[in-house]
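Enquirer: Supplied in structure tokens, the structure appears directly below.
2 protein chains.
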Amino acid sequence: MTHDTSTAEAAPRELWYPEREDITIYGVLAALSDPTRLEIVRALAQHDERCPFDFLDITSKQNLTHHFKVLREAGLIKARYEGRKKFVWLRRDLLDEMFPGLLDGVLGAINDNR
Amino acid sequence: MTHDTSTAEAAPRELWYPEREDITIYGVLAALSDPTRLEIVRALAQHDERCPFDFLDITSKQNLTHHFKVLREAGLIKARYEGRKKFVWLRRDLLDEMFPGLLDGVLGAINDNR
DNA sequence: GGAATAGTACAATACATCTTGTACTAAACA
DNA sequence: TGTTTAGTACAAGATGTATTGTACTATTCC
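Sequence lines, in order, name chains B and Y.
At position 27 of the first sequence (counting the first as 1) the number is 27 in our numbering, and the numbers step up by one without a gap.
Just add 1000 to wherever you are in the second sequence, counting from 1, and you've got our numbering.
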């Protein structure tokens, strides 16, 4: 048996998240300091809804897995599997509460200078 | 002859700075993502005046040299030698112009969560 | 000149990061 | 059941970083 074929809901694949006290401004800034990840966060912030894993076509899927893992482990995003699709979204409330003004400051500062 | 003993001003030791187009938000965020450097920047932002190289007693002087170099090459600070002392200060105007809201956002977000 | 001081240069260590390739698992679908 | 699809795991390589120790340069002061 590889999976449950009954009518009960299948348990979603588990994802690890950092404890609140392990989320630091250093980790958040480091996560945001990569061009690929900053673009991901910028796009997530615009969409306001959960986005599919591959909603941005900016790098390989192995690398997307890597960057989403970095973002998740730094406390910036949440993710959820639905069937074989994965959806991701920003932890905006947590970030605004823990580091008020940080996300808005960074996102607002993005311009032609990169 | 190793140095000029005349009354003329001695030429200050040269320091390299990045071109404007080489200063990026990625570099700035990476520079800010280290605890030692974020503390330096936070302290410089509070002082508003030029500060001596060793005004913070937080790590070895070799490491201070390293971190000030990272900050300078990322575009965050300027430095100047006076005799055998070195002074450093934030490039606040440049940063606010290139990345409006970024510095204030980051500095404002620092709290007990780090 | 010579000694003391401020800061740097360089090497070494230990470790993290970004990216790609190959191979894999899990779910959906026929 | 077998196939296809979505995403992951793992290893490898190239590269970058934080820190320390030792040795050095540049400047001041005697």
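Cβ atoms here follow ideal geometry from the backbone N, Cα and C, with glycine treated the same way.
So which residues on chain B does Gly1105/Y lean against when the C-beta distance must stay under 7 Å?
Expert: Start at 1 with the first residue of the second sequence, and residue 1105/Y comes out as number 105. Correct list: Gly101, Leu102, Asp104, Gly105 and Val106.
Enquirer: Can the beta-carbon of Ala109/B be found closer than 8 Å to that of Phe1099/Y?
Expert: Mapped onto the first sequence, residue 109/B falls at position 109. Mapped onto the second sequence, residue 1099/Y falls at position 99. For Ala109/B and Phe1099/Y, yes; Cβs fall inside 8 Å.
Enquirer: Any beta carbon of chain B sitting closer than 8 Å to that of Arg1013/Y?
Expert: Locating residue 1013/Y in the second sequence gives position 13, where the first residue counts as 1. Arg1013/Y does not count as touching chain B.
Enquirer: How about Tyr1017/Y and Leu38/B: are their beta carbons less than 8 Å apart?
Expert: Here residue 1017/Y refers to the residue found at position 17 of the second sequence. Here residue 38/B refers to the residue found at position 38 of the first sequence. No, Cβ-Cβ distance for Tyr1017/Y and Leu38/B is not below 8 Å.
Enquirer: At the level of alpha carbons, what is the spacing between Ala78/B and Val106/B?
Expert: By 1-based counting over the first sequence, the position of residue 78/B is 78. By 1-based counting over the first sequence, the position of residue 106/B is 106. What sits at residue 78/B in the sequence shown is Lys, not Ala. So the two alpha carbons sit approximately 19 Å from each other.
Enquirer: To the nearest whole angstrom, what separates the beta carbons of Gly75/B and Arg91/B, a pair I think is in contact under 8 Å?
Expert: In the first sequence, the residue the question calls residue 75/B occupies position 75. In the first sequence, the residue the question calls residue 91/B occupies position 91. Right, their Cβ atoms sit about 6 Å apart.
Enquirer: Determine contact between the region 1021–1036 of chain Y and the region 33–48 of chain B, defined as no fewer than three beta-carbon pairs at a distance below 8 Å.
Expert: A contact exists between the region 1021–1036 of chain Y and the region 33–48 of chain B.
Enquirer: Could you tell me the distance, in whole angstroms, from the CA atom of Asp4/B to the CA atom of Glu82/B?
Expert: Against the first sequence, residue 4/B aligns to sequence position 4. Against the first sequence, residue 82/B aligns to sequence position 82. Confidence at Asp4/B is low in this model, with a pLDDT of 41, below 50, so its placement is unreliable and no value can be given for it.
Enquirer: Smallest Cα separation from Asn113/B: which of Arg1114/Y, Val1041/Y, Leu1094/Y and Asp1104/Y?
Expert: Mapped onto the first sequence, residue 113/B falls at position 113. It is Leu1094/Y whose Cα lies nearest to the Cα of Asn113/B.
Enquirer: If we define contact as Cβ-Cβ less than 8 Å, is Tyr1017/Y a contact residue for chain B?
Expert: In the second sequence, counting from the first residue as 1, residue 1017/Y sits at position 17. So, not an interface residue.
Enquirer: How far does the beta strand (DSSP E) with Glu1049/Y in it reach, from first residue to last?
Expert: Here residue 1049/Y refers to the residue found at position 49 when the second sequence is read from its first residue. No beta strand (DSSP E) holds Glu1049/Y; DSSP gives it neither H nor E.
Enquirer: How many angstroms separate the CA atom of Thr1002/Y from the CA atom of Leu1064/Y?
Expert: Working through the second sequence from its first residue, we reach residue 1002/Y at position 2. Working through the second sequence from its first residue, we reach residue 1064/Y at position 64. Note on Thr1002/Y: pLDDT 42, under 50, position unreliable in the model; no value is reported.
Enquirer: Starting from the C-beta of Val28/B, find all residues in its chain whose C-beta is less than 8 Å away, skip the five residues before and the five after it, and write them out in chain order.
Expert: One-based indexing of the first sequence puts residue 28/B at position 28. Cβ within range, chain order: Ala74, Gly75, Leu76, Leu95, Phe99 and Leu102.
Enquirer: Measure the CB-CB distance between Ile40/B and Leu15/B and report whether it falls below 8 Å.
Expert: Residue 40/B sits at position 40 when you count from the first residue of the first sequence. Residue 15/B sits at position 15 when you count from the first residue of the first sequence. Not a contact, by the Cβ cut-off of 8 Å.
Enquirer: Residues of chain Y with a CB under 7 Å from the CB of Val109/B: which are they?
Expert: On the first sequence, residue 109/B is found 109 positions in, with the first residue counted as 1. With the sequence shown as reference, residue 109/B is identified as Ala, and Val is not the correct amino acid for it. Residues of chain Y passing the Cβ test: Ile1025, Phe1099, Pro1100, Gly1101 and Leu1102.
Enquirer: I'd like to know if Asn113/B contacts chain Y, where contact means its C-beta is closer than 8 Å to some C-beta of that chain.
Expert: Within the first sequence, numbered from 1, the residue matching residue 113/B stands at position 113. At least one chain Y Cβ lies under 8 Å of Asn113/B.
Enquirer: So, for Cys1051/Y: in the same chain, excluding its five sequence neighbours on each side, which residues have a beta-carbon less than 8 Å away from its beta-carbon?
Expert: Taking the first residue of the second sequence as position 1, residue 1051/Y is located at position 51. Around Cys1051/Y: Ala1043, Leu1044, Phe1087, Val1088 and Trp1089.
Enquirer: Could you give the residue range of the alpha helix (DSSP H) that holds Tyr26/B?
Expert: Along the first sequence, one-based indexing puts residue 26/B at 26. From DSSP, the alpha helix (DSSP H) with Tyr26/B extends over Ile25 to Leu32.
Enquirer: Could you tell me the alpha carbon to alpha carbon distance between Glu1049/Y and Phe53/B, rounded to whole angstroms?
Expert: Start at 1 with the first residue of the second sequence, and residue 1049/Y comes out as number 49. Start at 1 with the first residue of the first sequence, and residue 53/B comes out as number 53. If I take the Cα positions, the gap works out to 47 Å.
Enquirer: Return the residue from the list Asn1111/Y, Arg1072/Y, Thr1059/Y and Arg1080/Y that minimises the CA-CA distance to Arg1020/Y.
Expert: Here residue 1020/Y refers to the residue found at position 20 of the second sequence. If we check each option's Cα against that of Arg1020/Y, Arg1072/Y comes out closest.
Enquirer: What span of residues does the beta strand (DSSP E) with Arg80/B cover, start to end?
Expert: Reading the first sequence from its first residue, position 80 is the one you call residue 80/B. It spans Ile77 to Glu82 - the beta strand (DSSP E) in which Arg80/B sits, taken as one unbroken run.
Enquirer: Run down chain Y in chain order and give the residues with a C-beta less than 9 Å from the C-beta of Asp93/B.
Expert: Taking the first residue of the first sequence as position 1, residue 93/B is located at position 93. The contacting residues do not exist; Asp93/B stays about 14 Å from chain Y at best.
Enquirer: Given this structure, state the Cα-to-Cα distance separating Gln46/B from Thr1059/Y, to the nearest angstrom.
Expert: For the purposes of this step, residue 46/B is taken as the residue at position 46 of the first sequence. For the purposes of this step, residue 1059/Y is taken as the residue at position 59 of the second sequence. Between Gln46/B and Thr1059/Y, the C-alpha separation is close to 40 Å.
Enquirer: Counting only Cβ pairs nearer than 7 Å, list the residues of chain B close to Ala1043/Y.
Expert: What you label residue 1043/Y is simply residue 43 of the second sequence in a count that begins at 1. None at all; the shortest Cβ gap to chain B is about 15 Å.
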